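The next block holds one structure in the form of structure tokens; read it before the comments.
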Amino acid sequence: MGDQHYLIRGGLEGRERLRVLGRVMRPTTLPLLERAGVTAGMRCLDVGCGGGDVTFDLASLVGITGSVVGVDLDPTKVELARGDAHQAEISNVEFRVADLADGLGEAEYDVVYARFVLTHLPDPAAGVATMVAALKPGGRLVVEDIDYRGSFAHPDSAATDAHHDIYVRSAQATGGDPYIGAALPLLLLDAGLHRVQPTIVQPAGLEGEAKLMPALTLENIKATAVRHGIAEADEIDRVVDELYALARDPRTYLAIPRVVQVWGERP
Numbered sequence: 001m002g003d004q005h006y007l008i009r010g011g012l013e014g015r016e017r018l019r020v021l022g023r024v025m026r027p028t029t030l031p032l033l034e035r036a037g038v039t040a041g042m043r044c045l046d047v048g049c050g051g052g053d054v055t056f057d058l059a060s061l062v063g064i065t066g067s068v069v070g071v072d073l074d075p076t077k078v079e080l081a082r083g084d085a086h087q088a089e090i091s092n093v094e095f096r097v098a099d100l101a102d103g104l105g106e107a108e109y110d111v112v113y114a115r116f117v118l119t120h121l122p123d124p125a126a127g128v129a130t131m132v133a134a135l136k137p138g139g140r141l142v143v144e145d146i147d148y149r150g151s152f153a154h155p156d157s158a159a160t161d162a163h164h165d166i167y168v169r170s171a172q173a174t175g176g177d178p179y180i181g182a183a184l185p186l187l188l189l190d191a192g193l194h195r196v197q198p199t200i201v202q203p204a205g206l207e208g209e210a211k212l213m214p215a216l217t218l219e220n221i222k223a224t225a226v227r228h229g230i231a232e233a234d235e236i237d238r239v240v241d242e243l244y245a246l247a248r249d250p251r252t253y254l255a256i257p258r259v260v261q262v263w264g265e266r267p
């Protein structure tokens with residue numbers, strides 16, 4: 001897809017946001033992988049793997065008789081993931097710098113997984129087709145992605161409204177779809193997958209790291225929003241400060257955008 005279509009900051013700073021996001025999503029992503037049938041001995045591909053949070057969970061599920069490849073556009077994140085794998089002595093994973101637009105191979109994997117990837121693509125159907133092509137017959141595509149219509153705060157907050165507006169406009173300015181989640185089941189059906197199974201999850205709370213995600217995300221799209229004239233830097237800084245204050249407020253109930261989870265099987 002190329003870096004020009006990715007609105008969120010990469011590198012080490014972006015990796016730290018992904019670590020928090022990985023911890024927030026892990027309680028719902030792991031059950032999804034288990035429902036999709038990820039088991040020992042499988043060969044899996046994690047597309048847009050970031051720093052490898054889900055890659056390592058897949059490696060644990062497939063065990064020493066299986067293997068996992070994680071691919072990402074960002075060389076810094078890939079190098080960090082390789083370092084983490086080496087330090088943890090995880091031998092059944094491999095990390096590569098790769099672009100979904102360049103293809104992922106043909107009929108190589110039992111499972112292909114992607115989280116928060118399709119939302120950034122100008123042609124998500126083409127991305128799905130590429131991932132499906134990488135599956136063996138009977139293999140399963142597992143996808144998680146956002147629907148930004150679902151985020152909320154209670155009591156209502158001007159800061160969360162501003163975050164929503166800046167994120168949506170920035171995503172659309174870079175060719176993405178911040179509402180892609182609702183379209184996932186049909187995308188998989190149109191790609192010819194069978195047994196398509198969707199569900200929705202939405203991390204939220206009065207406390208915990210989920211409440212940090214709006215502030216962290218807005219910090220990491222600041223450069224994109226400013227570059228496209230969507231907001232001024234000082235305005236974004238002010239909203240970020242207000243979002244961190246909401247995250248600390250034990251009387252504010254804050255939710256990240258809802259996440260649609262879906263998997264389907266290649267015939």
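Position one of the sequence shown corresponds to residue 1 (full-length UniProt numbering), numbered consecutively onward. Just so it is clear, CB atoms sit at the ideal spot from N, CA and C, and this is done for glycine as well. Since the structure is predicted, the reported quantities are computational estimates derived from the model, not experimental observations.
Determine the extent of the beta strand (DSSP E) in which residue i is found, giving its start and end residues.
i    : result
G97  : According to the sequence as given, residue 97 is Val; it is not Gly. Where V97 is concerned, the enclosing beta strand (DSSP E) stretches over V93 to V97.
F169 : For the sequence presented, residue 169 should be read as Arg rather than Phe. Not the beta strand (DSSP E): R169 falls in the alpha helix (DSSP H), residues A158 to A173.
Q197 : H194 to V201
V38  : Looking at the DSSP string, V38 is not in any beta strand (DSSP E), and its letter there is neither H nor E.
Less than 8 Å between the C-beta atoms of residue i and residue j, yes or no?
i           : j    : result
A33         : V142 : Rather than Ala, the amino acid found at residue 33 in this sequence is Leu. Yes, Cβ-Cβ distance for L33 and V142 is below 8 Å.
P122        : R266 : no
A81         : C49  : yes
M42         : G66  : yes
A255        : S151 : yes
R23         : E219 : no
D84         : R258 : no
T29         : E144 : yes
F116        : I90  : no
L61         : T39  : yes
residue 290 : A133 : The chain is shown only over 1 to 267; residue 290 falls outside these bounds and no answer can be derived.
P178        : Q261 : no
G51         : L18  : yes
L118        : I166 : no
G233        : K222 : Strictly speaking, residue 233 in this sequence is Ala, with Gly absent from that position. Going by C-beta atoms, A233 is nearer than 8 Å to K222.
V230        : R169 : Note that residue 230 is Ile in the sequence shown here, rather than Val. Yes, these two residues count as a Cβ contact at 8 Å.
A125        : N92  : no
D110        : C44  : yes
V239        : H164 : no
How should residue i be labelled, buried or exposed, when 16 other C-beta atoms within 10 angstroms of its C-beta is the threshold for buried?
i    : result
Q4   : Bear in mind that a pLDDT of 46 at Q4, under 50, signals an unreliable position, so the model cannot answer this.
L100 : buried
V97  : exposed
I64  : exposed
A159 : buried
G192 : exposed
L186 : exposed
R35  : exposed
L189 : exposed
R251 : exposed
A245 : exposed
R140 : buried
G264 : buried
E16  : exposed
E242 : buried
P214 : buried
G127 : buried
A107 : exposed
Tell me, please, which residues DSSP counts as bridged to residue i.
i    : result
D147 : R258
Y253 : H154
Y113 : D46 and V142
E265 : R140 and H194
D72  : V97
G205 : L254
Can you give the beta carbon distance from residue i to residue j, rounded, assuming they're within the 8 Å contact cut?
i    : j    : result
L212 : A247 : 5 Å
F95  : V112 : About 16 Å; that fails the 8 Å criterion.
G176 : H86  : Not quite, the Cβ-Cβ distance comes to about 33 Å (not below 8 Å), so this is no contact.
H228 : A173 : 4 Å
What are the boundary residues of the alpha helix (DSSP H) that includes residue i?
i    : result
D53  : D53 to V62
V240 : A233 to R248
V132 : P124 to A133
Within 8 Å of any Cβ in chain D, is that where the Cβ of residue i sits?
i   : result
G70 : Checking the listed chains, one finds no chain D in this structure; it contains a single protein chain.
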